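Heads up, the thing below is written out as structure tokens.
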Amino acid sequence: MTRAARLRVGLLLAGIVSANASYTVLIPFVPELERRVHMDGLGLALTFALFAAAKALFQPVGGAWSDRWQARSVAFTGLGVVALSVTWLAFSTSQWELLGARVAWGAGEGILTPALYHGATLLCGEHRIPDHRMMGWFGTASVTGFLLGPVVAGSGSALGLTTLCVLGAAATVATAFGVFRAIPREARAGAVEGEAAPDPAAGGRAPRHWMMLVLVFGVLDLVAGLTSSALEPTIPLYIAAAGESTVVISSVFTVGMATFALVSTVLGRVAEKWSVETLVTVGLVTGTVGTAGISLSNHQIPLMCCFVLIMTGQPSVYIAARKGVAALRSAGGRLGISFGVFGAISDLGEVVGPLAGSGLYALGGRQGFIWLAIIGMTLLTVVLGIYRRWSAVARPVTA
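Note that the sequence shown ends on residue 446 in our numbering; no numbers are left out.
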């Protein structure tokens with residue numbers, strides 16, 4: 048990879064890190080927000096739920112815009128909306144202002160996400176970077192941003208929420224210019240260089256099969272996200288029941304996220320010859336064993352080992368799903384809407400997961416993790432079977 052290509056990839060990934068860090072930097076300041084706008088627990092839950100809903104709803108919009116206009120312009124706009132929303136939140140003095148800022152923030156990220164994926168695919172085509180390698184870097188950058196947010200919040204807590212938000216908004220604007228420079232300009236509207244136009248003789252067959260595969264990949268990522276996000280509210284309760292401290296809870300999640308980032312980078316280099324089925328199977332086996340293994344102990348070391356096993360398998364499904372969407376060249380340049388629909392479906396897993404995990408844990412205690420493993424294994428197996436069927440039918444179209 049040339050020096051120019053490395054620079055453009057770095058600028059693109061910086062946009063991902065910035066967006067995710069700005070999200071998690073807010074979490075340690077939730078008590079301050081509660082005091083500032085006199086918001087109760089339900090209101091605080093709404094700030095996160097409305098963000099997730101707005102992001103999911105606006106991903107197809109961002110994808111359609113990315114196909115209609117330049118992906119670089121849509122990504123720039125999305126980051127601009129995020130920066131304005133963060134600034135709005137910084138100066139919010141009422142509950143409605145705070146909720147409005149969070150909805151706008153979610154909409155900005157919804158517009159941004161498919162444009163970044165679309166832009167990354169264009170970058171892969173221009174510099175001959177394998178799709179799976181780029182998606183591995185995406186996974187690493189995403190987790191790096193999530194981990195960086197709390198670190199920034201902790202080290203800059205003396206500055207206060209308002210100052211940190213303003214500084215974060217300024218950093219987001221800076222990365223917006225970098226992302227605009229990184230994403231290549233498309234040679235013609237609605238087409239990716241090197242892609243063949245859809246065959247008119249195929250009639251409605253190509254779009255139908257293309258969209259079905261996008262839906263399958265979205266559900267695949269939804270299931271993976273559901274099982275991992277189901278552990279977010281349950282593992283802390285499970286560890287606390289053993290009398291462990293908050294430091295132990297933090298260490299388990301930190302090591303797990305670091306594992307995800309490391310494995311994503313490694314898989315991005317070695318998964319070139321691995322099929323979607325192979326990648327999903329690896330994630331299926333390791334995730335099932337790790338999730339079921341959590342039920343054996345709620346002490347730090349054994350639980351951490353199980354969580355590391357889960358986070359070793361998660362990148363396999365993450366890369367498989369995004370690699371599959373990026374490879375749908377029959378879309379005739381509609382990669383933006385592909386990633387938009389994919390992202391909207393995928394994000395539902397982050398909404399359903401915590402509810403499912405909390406319910407299973409409340410009903411069955413440690414046995415709930417076994418049921419979660421069984422449910423995740425069953426759903427992934429079913430979706431993988433559907434993928435095999437539809438990929439076989441669509442192979443002449445996507446070749």
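All C-beta atoms in this analysis are idealised placements derived from N, C-alpha and C, irrespective of residue type, glycine included.
Note that this is a predicted model, so its numbers are computed, not measured.
Looking only at its own chain, which residues have a Cβ that is under 7 Å from the Cβ of residue 228, when we skip the five neighbours before and after it? What you label residue 228 is simply residue 181 of the sequence shown in a count that begins at 1. Within the same chain, 58 come within 7 Å of residue 228 by CB-CB distance, once the 5 residues on both sides are set aside.
Sub-7 Å separation of residue 370 and residue 165 beta-carbons: In the sequence shown, counting from the first residue as 1, residue 370 sits at position 323. In the sequence shown, counting from the first residue as 1, residue 165 sits at position 118. Taking 7 Å as the Cβ cut-off, residue 370 and residue 165 do not qualify as a contacting pair.
Applying the criterion that 16 or more other CB atoms from any shown protein chain within 10 Å of the CB defines a buried residue, is residue 341 buried or exposed? Counted from its first residue, the sequence shown places residue 341 at position 294. Looking at its Cβ environment, which holds 16 or more other Cβ atoms inside 10 Å, residue 341 is buried.
Simplified DSSP state of residue 277, which is helix, strand or coil: Within the sequence shown, residue 277 is the residue found at index 230, counting from 1. Look at residue 277 here: in three-state DSSP terms it is coil, with no helix or strand label.
Take the Cβ of residue 181 as the centre, count every other Cβ of all protein chains shown within 10 Å, and call the residue buried at 16 or more, exposed below. Within the sequence shown, residue 181 is the residue found at index 134, counting from 1. Buried: at least 16 other Cβ atoms inside 10 Å.
Short check: CB of residue 184 to CB of residue 309, under 7 Å? On the sequence shown, residue 184 is found 137 positions in, with the first residue counted as 1. On the sequence shown, residue 309 is found 262 positions in, with the first residue counted as 1. No, they are not a contact pair.
Is the beta carbon of residue 360 closer than 7 Å to that of residue 325? In the sequence shown, the residue the question calls residue 325 occupies position 278. In the sequence shown, the residue the question calls residue 360 occupies position 313. Not in contact: residue 325 and residue 360 (Cβ atoms no closer than 7 Å).
Answer with buried or exposed for residue 250, where buried requires no fewer than 16 other C-beta atoms within 10 angstroms of its C-beta. For the purposes of this step, residue 250 is taken as the residue at position 203 of the sequence shown. Below a pLDDT of 50, predicted positions are generally treated as unreliable, and residue 250, at 42, falls in that range; the measurement from the model is reported next regardless. Counting every other CB atom within 10 Å of its CB across the protein chains shown gives residue 250 a total below 16, marking it as exposed.
Please go through the same chain and pick out, in chain order, the residues whose beta-carbon is closer than 6 Å to the beta-carbon of residue 52, but skip the five residues on each side of it. Residue numbering aside, residue 52 sits at position 5 when the sequence shown is read from its first letter. Around residue 52: 174.
Which same chain residues end up closer than 7 Å to residue 213 when comparing Cβ atoms and leaving out the 5 residues on each side of it in sequence? Taking the sequence shown and counting its residues from 1, one reaches residue 213 at position 166. Contacts found: 134, 137.
Specify, as a first and last residue, the run of the alpha helix (DSSP H) that residue 132 falls within. Residue numbering aside, residue 132 sits at position 85 when the sequence shown is read from its first letter. For residue 132, the uninterrupted alpha helix (DSSP H) run begins and ends at 118–137, by DSSP.
Counting beta carbon pairs with one atom in the region 120–133 and one in the region 158–172, are three or more of them shorter than 8 Å? By the criterion of at least three beta-carbon pairs nearer than 8 Å, the region 158–172 is in contact with the region 120–133.
The alpha helix (DSSP H) enclosing residue 178, as first and last residue numbers: Your numbering for residue 178 matches position 131 in the sequence shown. Boundaries of the alpha helix (DSSP H) harbouring residue 178: 178–202, taken from the DSSP string.
Out of curiosity, what's the CA-to-CA distance linking residue 177 and residue 319? Here residue 177 refers to the residue found at position 130 when the sequence shown is read from its first residue. Here residue 319 refers to the residue found at position 272 when the sequence shown is read from its first residue. Between residue 177 and residue 319, the C-alpha separation is close to 8 Å.
Under 7 Å between C-beta atoms of residue 364 and residue 398: In the sequence shown, counting from the first residue as 1, residue 364 sits at position 317. In the sequence shown, counting from the first residue as 1, residue 398 sits at position 351. No, Cβ-Cβ distance for residue 364 and residue 398 is not below 7 Å.
Identity of the residue in 427, 209, 150, 207 nearest residue 335 by Cα: Here the question's residue 335 lines up with position 288 in the sequence shown. Nearest to residue 335 by C-alpha distance, out of 427, 209, 150, 207, is 427.
Among the residues of its own chain, which have a CB less than 8 Å from the CB of residue 401, if the five just before and after it don't count? As a first step, residue 401 is located in the sequence shown; it is residue number 354 there, counting from the start. Closer than 8 Å at the Cβ level, and outside the excluded window around residue 401, lie 276, 277, 279, 280.
Residue 113, buried or exposed, once every other Cβ within 10 Å from all chains shown has been counted against 16: For the purposes of this step, residue 113 is identified with residue 66 of the sequence shown, where counting begins at 1. With 16 or more other Cβ atoms within 10 Å, it is buried.
Range covered by the alpha helix (DSSP H) that runs through residue 356: What you label residue 356 is simply residue 309 of the sequence shown in a count that begins at 1. Counting along the chain, the unbroken alpha helix (DSSP H) around residue 356 starts and ends at 347–373.
Would you check if the distance between the CB atom of residue 311 and the CB atom of residue 362 is smaller than 7 Å? Taking the first residue of the sequence shown as 1, we reach residue 311 at position 264. Taking the first residue of the sequence shown as 1, we reach residue 362 at position 315. Cβ atoms of residue 311 and residue 362: closer than 7 Å.
Check each candidate in 407, 358, 83, 76 and name the one with the smallest Cα separation from residue 284. Within the sequence shown, the letter at position 237 stands for residue 284. Nearest C-alpha to residue 284: 407.
What does the Cβ neighbour count give for residue 381, buried or exposed, with the cut at 16 atoms within 10 Å? Translated into the one-based positions of the sequence shown, residue 381 becomes position 334. Residue 381 is buried by the Cβ-count criterion.
Give every residue of the same chain whose Cβ lies closer than 6 Å to the Cβ of residue 105, excluding the five residues on either side of it in the sequence, and list them in chain order. In the sequence shown, residue 105 corresponds to position 58, counting from 1. Cβ within range, chain order: 154, 157, 158.
On the three-state DSSP scale, how would you describe residue 288? Within the sequence shown, residue 288 is the residue found at index 241, counting from 1. DSSP places residue 288 in coil when its eight states are reduced to three.
Just verifying my parser: in three-state terms, what is the DSSP assignment at residue 149? On the sequence shown, residue 149 is found 102 positions in, with the first residue counted as 1. Helix at residue 149.
Can you say whether residue 264 is buried or exposed, counting buried as having 16 or more other CB atoms within 10 angstroms of its CB? Reading the sequence shown from its first residue, position 217 is the one you call residue 264. Answer is buried; the Cβ neighbour count reaches 16.
Coarse secondary structure for residue 73, derived from DSSP in three states: As a first step, residue 73 must be located in the sequence shown, where it is residue number 26. Of the three classes helix, strand and coil, the one that applies to residue 73 here is coil, per DSSP.
Burial state of residue 107, where buried means 16 or more other Cβ atoms lie within 10 Å: Looking up residue 107 in the sequence shown gives position 60. With 16 or more other Cβ atoms inside 10 Å of its own Cβ, residue 107 counts as buried.
Nearest by alpha-carbon distance to residue 79: which of 200, 118, 64, 117 is it? If you number the sequence shown from 1, residue 79 lands on position 32. 200 is the residue among 200, 118, 64, 117 whose C-alpha sits nearest the C-alpha of residue 79.
How would you write the range of the alpha helix (DSSP H) that residue 394 sits in, first residue to last? Sequence index remark: in the sequence shown, residue 394 carries index 347 (1-based). Annotation: the continuous alpha helix (DSSP H) that includes residue 394 extends over 382–411.
How about residue 306 and residue 420: do their beta carbons lie closer than 7 Å? Locating residue 306 in the sequence shown gives position 259, where the first residue counts as 1. Locating residue 420 in the sequence shown gives position 373, where the first residue counts as 1. No.
Here's a check: name, in chain order, each residue in its chain whose Cβ is nearer than 7 Å to the Cβ of residue 416, leaving out the five neighbours to either side. Here residue 416 refers to the residue found at position 369 when the sequence shown is read from its first residue. Correct list, in chain order: 338, 339, 341, 342.
For residue 268, I'd like the list of residues in its chain whose CB is within less than 6 Å of its CB, leaving aside the five on either flank, ordered along the chain. Looking up residue 268 in the sequence shown gives position 221. So the list reads 368, 393, once near-sequence residues are dropped.
Keeping to the same chain, check which residues put their C-beta closer than 8 Å to that of residue 288; ignore five residues upstream and five downstream. Position 241 of the sequence shown, counted from the start, is the residue given in the question as residue 288. Correct list, in chain order: 345.
Shortest alpha-carbon distance to residue 70 belongs to which of 121, 55, 132, 120? Within the sequence shown, numbered from 1, the residue matching residue 70 stands at position 23. For the residues 121, 55, 132, 120, the minimum Cα distance to residue 70 belongs to 132.
Can you list, in chain order, the residues of its chain whose CB lies under 6 Å from that of residue 222, leaving out five sequence neighbours each side? Here residue 222 is taken as the residue at index 175 of the sequence shown, counted from 1. For residue 222, the CB contacts under 6 Å within the same chain, skipping 5 residues up- and downstream, are 61, 62, 65 in chain order.
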